[in-house]
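Mapping of the sequence shown onto our numbering: position 288 corresponds to residue 288, and the numbering continues sequentially without gaps. By construction, the Cβ of each residue, glycine as well, lies at the ideal position given by its N, Cα and C atoms. Just so it is clear, the structure is predicted and the values come from calculations on it, not from any experiment.
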Amino acid sequence: MPKQDSPGPAIIAQGAVPMVELWRGDRLESVHQGHAVVMRADGKIVESWGRPDVVIYPRSSCKMVQALPLVESGAAKGLSTAQLALACASHQASALHVGMVTRWLDDLGLSDDDLRCGSAPPGDIAERDRLICTHAEPCQSHHECSGKHAGFLTLNHHLRGGSEYVDPDHPVQRAVRDAFEDVTGQRSPGYGIDGCSAPNFATELQGLGLAMARYAAAREGVGDLRAQALAQLRNAMMAHPEMVAGEAKACTNLMRATKGRAAVKTGAEAVFVAMLPEQGLGIALKIADGGIRASEAAMTGLLLRYGVLDAADPVVTQYIGPLHNRRNMMVGDTRLAAGFA
Numbered sequence: 001m002p003k004q005d006s007p008g009p010a011i012i013a014q015g016a017v018p019m020v021e022l023w024r025g026d027r028l029e030s031v032h033q034g035h036a037v038v039m040r041a042d043g044k045i046v047e048s049w050g051r052p053d054v055v056i057y058p059r060s061s062c063k064m065v066q067a068l069p070l071v072e073s074g075a076a077k078g079l080s081t082a083q084l085a086l087a088c089a090s091h092q093a094s095a096l097h098v099g100m101v102t103r104w105l106d107d108l109g110l111s112d113d114d115l116r117c118g119s120a121p122p123g124d125i126a127e128r129d130r131l132i133c134t135h136a137e138p139c140q141s142h143h144e145c146s147g148k149h150a151g152f153l154t155l156n157h158h159l160r161g162g163s164e165y166v167d168p169d170h171p172v173q174r175a176v177r178d179a180f181e182d183v184t185g186q187r188s189p190g191y192g193i194d195g196c197s198a199p200n201f202a203t204e205l206q207g208l209g210l211a212m213a214r215y216a217a218a219r220e221g222v223g224d225l226r227a228q229a230l231a232q233l234r235n236a237m238m239a240h241p242e243m244v245a246g247e248a249k250a251c252t253n254l255m256r257a258t259k260g261r262a263a264v265k266t267g268a269e270a271v272f273v274a275m276l277p278e279q280g281l282g283i284a285l286k287i288a289d290g291g292i293r294a295s296e297a298a299m300t301g302l303l304l305r306y307g308v309l310d311a312a313d314p315v316v317t318q319y320i321g322p323l324h325n326r327r328n329m330m331v332g333d334t335r336l337a338a339g340f341a
């Protein structure tokens, strides 16, 4: 599985359009440009901004795709829907998340040492304080991708593979690549190594959007094994938004606010995807400069545009709307750029 050169920054920026603006007072202070696409499961583009053919790394936005072989292989038999949601998660390492990963590994007869994601400090304040107060070091289960890696280990146990399951030529990652290329409808031009040490396969933005549309259109109990696995993972995410990210995180907040009408997942460097089951639509976006604040605002705007998020919901003003300073003075606002969403 040869590694190939990734697209450079100039290619990511080429053709990008203004999507999110930051205003301070009456002056435009910053502009974030990017690309976005809304797809149907038949491959038709419903709407797009910028270049839908821009090649990107999906980063953690594609974790539900990386979890697909886990489900369709039968390795996930006996796992709860919360565990499936955690396999798709970039969690904040609260006690809820770390506890589930630890129990999951115990059930496999494995330990934290069997993970290959590396250790990371928890994003959850209570868990961070607990570690400080007990003079404990964060472990690999605290890594935001540990749920995905627990899923990899479960699949690896099923496949009887070697311990280095993040190696691009390992059976686990070959299965992931096969699933990724199938649901995106494209042969990946190569991969980069993600922050959790697993390969992350590149694709065009419209390929990622098509994958999300296929997740959106799938129905549990209907169609072949692949279609049912798509629906099972999407529904697990919507049933357990707290497992997918955590309190005060955009994925959890937006899924709760959409009340079962959307499953969403962010990725590093400002990639964001959504699955809209009622409409059978998939959304994928990428902010060219990697600004997470912009990807969260842009996705909020698209969820509003497609009617799965109520404009009056308080969650909207967390990502679009007034900006306040530390004294709670309104000093500016975040806006969607004219012509976008």
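In terms of residue numbering, what span does the alpha helix (DSSP H) encompassing residue i cover?
i, result
"V273", "Not the alpha helix (DSSP H): V273 falls in the beta strand (DSSP E), residues V271 to L276."
"F180", "P171 to T184"
"R105", "The sequence shown places Leu at residue 105, not Arg. Per DSSP, L105 belongs to the alpha helix (DSSP H) from A95 to D107."
"G207", "L205 to A217"
"M255", "A250 to T258"
"A82", "T81 to A87"
Looking at residue i: is its Cβ nearer than 8 Å to the Cβ of residue j?
i, j, result
"V273", "V183", "no"
"S141", "V101", "yes"
"R59", "G246", "no"
"V37", "G209", "yes"
"G366", "A89", "Absent from the model: residue 366. The displayed extent of the chain is 1 to 341, so no value can be given."
"Y319", "A202", "no"
"V176", "P69", "yes"
"L159", "P168", "no"
With a threshold of 7 Å, establish whether the CB of residue i neighbours any heavy atom of the ligand COA.
i, result
"V166", "As for the ligand COA, it is missing from this structure, which has no ligand bound."
Go ahead and label residue i buried or exposed: buried means 16 or more other beta carbons lie within 10 angstroms of its beta carbon, across all protein chains shown.
i, result
"E220", "exposed"
"N200", "buried"
"T334", "buried"
"S94", "buried"
"L153", "buried"
"I283", "buried"
"S188", "buried"
"N156", "buried"
"I12", "buried"
Please state whether DSSP places residue i in a helix, a strand or coil.
i, result
"Q33", "strand"
"E137", "coil"
"Y306", "coil"
"S163", "coil"
"K286", "strand"
"L233", "helix"
"L131", "helix"
"V411", "The requested residue 411 is not part of the displayed model; the chain covers only 1 to 341."
"V65", "helix"
Note the first and the last residue of the continuous beta strand (DSSP E) segment covering residue i.
i, result
"N200", "P199 to F201"
"H324", "G321 to H324"
"P69", "That residue, P69, is in no beta strand (DSSP E); its alpha helix (DSSP H) goes L68 to E72."
"P241", "Here P241 belongs to no beta strand (DSSP E); instead the alpha helix (DSSP H) covers P241 to V244."
Contact the stretch 249-258 vs the stretch 294-312: 3+ CB pairs below 8 Å: Pairwise C-beta distances place the stretch 249-258 in contact with the stretch 294-312, as three or more of them are shorter than 8 Å.
Meets three-Cβ-pair contact criterion under 8 Å: the stretch 180-195 and the stretch 131-139: The stretch 131-139 and the stretch 180-195 do not touch, with fewer than three beta-carbon pairs separated by less than 8 Å.
Given 8 Å, three or more beta-carbon pairs between the stretch 200-219 and the stretch 274-283: At 8 Å Cβ cutoff, the stretches touch.
The stretch 284-297 touching the stretch 25-35, judged by at least three CB pairs closer than 8 Å: Verdict: yes, contact present.
The stretch 225-245 in contact with the stretch 253-269 per 3-pair CB rule at 8 Å: Enough Cβ pairs lie closer than 8 Å, so yes.
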